[in-house]
Amino acid sequence: MTKAHLSPDGLMVLDTPGDYHFEEALVYLNRSESECLHQVEGRTVYKALHTSGGPVLMAIGLDTEEARGAVSIRFRNGVPEPGPREEAARYVREWLDLDTDIGEFLALCASDPILAPIADRNRGLRLIGVPSLLEALCWTVAGQQINLAFAYTLKKRLVETYGTRLEAEGREWRLFPGAQTLAALEPSDLQALQFTRSKSETLLRVARLIAGGELSKEALLLEGMSRAEPALTSIKGIGPWTANYVMMRCLRHPDAFPLTDVGVHHAIRRRLGRTEKPSLQEVEELSAAWSPWRAYATFYLWASLAQDV
DNA sequence: ATCCAGGCTCCTG
DNA sequence: CAGGAGCATGGA
Numbered sequence: 004m005t006k007a008h009l010s011p012d013g014l015m016v017l018d019t020p021g022d023y024h025f026e027e028a029l030v031y032l033n034r035s036e037s038e039c040l041h042q043v044e045g046r047t048v049y050k051a052l053h054t055s056g057g058p059v060l061m062a063i064g065l066d067t068e069e070a071r072g073a074v075s076i077r078f079r080n081g082v083p084e085p086g087p088r089e090e091a092a093r094y095v096r097e098w099l100d101l102d103t104d105i106g107e108f109l110a111l112c113a114s115d116p117i118l119a120p121i122a123d124r125n126r127g128l129r130l131i132g133v134p135s136l137l138e139a140l141c142w143t144v145a146g147q148q149i150n151l152a153f154a155y156t157l158k159k160r161l162v163e164t165y166g167t168r169l170e171a172e173g174r175e176w177r178l179f180p181g182a183q184t185l186a187a188l189e190p191s192d193l194q195a196l197q198f199t200r201s202k203s204e205t206l207l208r209v210a211r212l213i214a215g216g217e218l219s220k221e222a223l224l225l226e227g228m229s230r231a232e233p234a235l236t237s238i239k240g241i242g243p244w245t246a247n248y249v250m251m252r253c254l255r256h257p258d259a260f261p262l263t264d265v266g267v268h269h270a271i272r273r274r275l276g277r278t279e280k281p282s283l284q285e286v287e288e289l290s291a292a293w294s295p296w297r298a299y300a301t302f303y304l305w306a307s308l309a310q311d312v
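The first sequence finishes on residue 312 if you use the numbering used here, and the numbering steps up by one all the way, no holes.
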């Protein structure tokens, strides 16, 4: 990965894998009308981000005319200093998964009866992440045992009530609330947004751990994935599904696997042409063949849910 | 209306 | 330890 630099006209072009599947990345990013932390317009994704130099608004191009075959960034509320610029570029690289060689995964898919047709149709799709640990945990806890539409509604309420905003281009852009802000709340504040009592307590627990420095992405990554899972599930309200979801989308462990995920079960059922969902034991057996790429298998299965494969 | 949704905790037996 | 109820609400 080479260092991204700013062209004289203000465009930052990021090295992008030659096989990157821009279209499906855009489809995934644009899957909910209620998404409030970024907005897709054509091949451009607008996203506000906190940096050490303050919030920035990015227009992120995915294979646009001004940067074919690449991901590019144009800053829309003033050009930040080199430091914050690099932070923004790093965020985008991680978010859009620009640095993973998925050759091995695709080879594995080729001989897998469940994944082969999905990989065929989505070849080159990368795992869109959630780089912020707080945001990833909040999103995942919010999404426990409810449909995705309602999960987006909850997230939107949380962001609109407690998040920060950035004014640019004549409108307001939302940023996820900071850990300190959430840590100062009471469970009833979140219950008012229709989080369940249990989810409210879990979110505040997580926010306080992060705000107090007892839980951090850096430490989890440093300790390694075999310790990250028990570290996460030791937090009340965070079970194996949530831990693996976060390991998959935030910690970027390529083999994380949310075994009990109903989306995964549904996708497998469809691929097998069944009417009944597979048993957990069957999911375990099938997914064993996807190791050490089970997180990518999961993401591809999710993508297939919105498609006719 | 009824069932299920990108689960987790707690309580049985 | 495995199995099941309760949670709490929105969509289809």
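Idealized CB from N, CA, C, for every residue including glycine. A quick note: this is a predicted structure, and the numbers were derived from the prediction, not measured.
For the alpha helix (DSSP H) containing residue i, name the first residue and the last one.
i: Leu9; result: Looking at the DSSP string, Leu9 is not in any alpha helix (DSSP H), and its letter there is neither H nor E.
i: Lys202; result: 200-214
i: Arg168; result: It is not in any alpha helix (DSSP H) - Arg168 instead sits in the beta strand (DSSP E) that spans 167-171.
i: Asp192; result: 190-194
i: His268; result: 265-275
i: Ile131; result: That residue, Ile131, is in no alpha helix (DSSP H); it is neither H nor E in DSSP.
i: Val30; result: 25-32
i: Pro243; result: 243-252
i: Asp123; result: 118-125
i: Ala222; result: 220-226
i: Gly106; result: 106-113
i: Pro257; result: First-last for Pro257: undefined, no H or E at that position.
i: Glu138; result: 136-145
i: Val312; result: Unbroken run through Val312: none, as it is neither H nor E.
i: Gly21; result: Gly21 -> no alpha helix (DSSP H), and no H or E assigned at all.
i: Gly86; result: 85-98
Between which two residues does the beta strand (DSSP E) containing residue i stretch?
i: Ile63; result: 57-67
i: Pro42; result: The sequence given here places Gln at residue 42; Pro does not occur at that position. Gln42 -> beta strand (DSSP E) spans 42-44.
i: Leu14; result: 14-17
i: Ala298; result: Premise fails: Ala298 lies in the alpha helix (DSSP H), 297-308, not in any beta strand (DSSP E).
Would you mind giving the Cβ-Cβ distance between residue i and residue j, rounded to the nearest angstrom? I have them listed as a contact below 8 Å.
i: Trp176; j: Leu185; result: Not confirmed; about 19 Å, so no contact.
i: Ile131; j: Leu101; result: With a Cβ gap of about 11 Å, Ile131 and Leu101 do not count as contacting.
i: Pro58; j: Leu65; result: Not a contact, Cβ separation roughly 22 Å.
i: Leu212; j: Leu218; result: 4 Å
i: Leu128; j: Thr164; result: Going by Cβ atoms, the distance from Leu128 to Thr164 rounds to 33 Å, so no, they are not a contact pair.
i: Leu223; j: Leu254; result: 6 Å
i: Leu60; j: Ala171; result: 4 Å
i: Ser37; j: Lys159; result: 5 Å
Taking the alpha-carbon positions, what's the residue i to residue j distance?
i: Asn125; j: Leu161; result: 32 Å
i: Ala292; j: Ile271; result: 14 Å
i: Thr143; j: Thr245; result: 6 Å
i: Val354; j: Ala139; result: Since the displayed the chain opens at 4 and closes at 312, residue 354 lies outside it and no answer follows.
i: Ser10; j: Asn80; result: 17 Å
i: Ala110; j: Gly227; result: 26 Å
i: Leu1; j: Gly181; result: Residue 1 lies beyond the stretch modelled for the chain, which goes from 4 to 312, so this question has no answer here.
i: Ser55; j: Arg297; result: 34 Å
i: Lys280; j: Leu137; result: 32 Å
i: Pro233; j: Ala70; result: 43 Å
i: Phe108; j: Gln183; result: 39 Å
i: Val95; j: Val133; result: 10 Å
i: Asn33; j: Glu27; result: 10 Å
i: Glu287; j: Tyr31; result: 26 Å
i: Leu178; j: His268; result: 33 Å
i: Leu193; j: Ala214; result: 17 Å
i: Ala259; j: Ala231; result: 11 Å
i: Cys112; j: Ser307; result: 14 Å
i: Pro83; j: Arg273; result: 47 Å
i: Pro190; j: Ser203; result: 5 Å
i: Gln147; j: Gly173; result: 35 Å
i: Val16; j: Ile63; result: 10 Å
i: Leu188; j: Phe198; result: 13 Å
i: Ser114; j: Pro257; result: 19 Å
i: Pro85; j: Ala7; result: 10 Å
i: Arg208; j: Leu283; result: 30 Å
i: Ala210; j: Thr167; result: 16 Å
i: Ile149; j: Thr67; result: 36 Å
i: Val312; j: Arg252; result: 23 Å
Spell out the partners DSSP gives residue i in its beta bridges.
i: Lys50; result: Met61
i: Phe78; result: Met61
i: Ala70; result: Thr67
i: Trp176; result: Leu169
Please tell me whether, using a cut-off of 7 Å, the distance from the CB of residue i to the nearest non-hydrogen atom of the ligand GTP is below it.
i: Ala145; result: The ligand GTP is not part of the structure shown, which contains no ligands of any sort.
Touch check for the region 145-158 and the region 43-50: three-plus C-beta pairs under 8 Å?
no
Can at least three beta-carbon pairs, one atom from the region 81-96 and one from the region 34-44, be found at a separation below 8 Å?
no
For the region 101-121 against the region 234-245, are there 3 or more C-beta pairs whose distance is under 8 Å?
no
Is there contact between the region 253-270 and the region 292-301, where contact requires at least three CB pairs shorter than 8 Å?
yes
Counting pairs of Cβ atoms below 8 Å between the region 69-78 and the region 17-33, do you hit three or more?
yes
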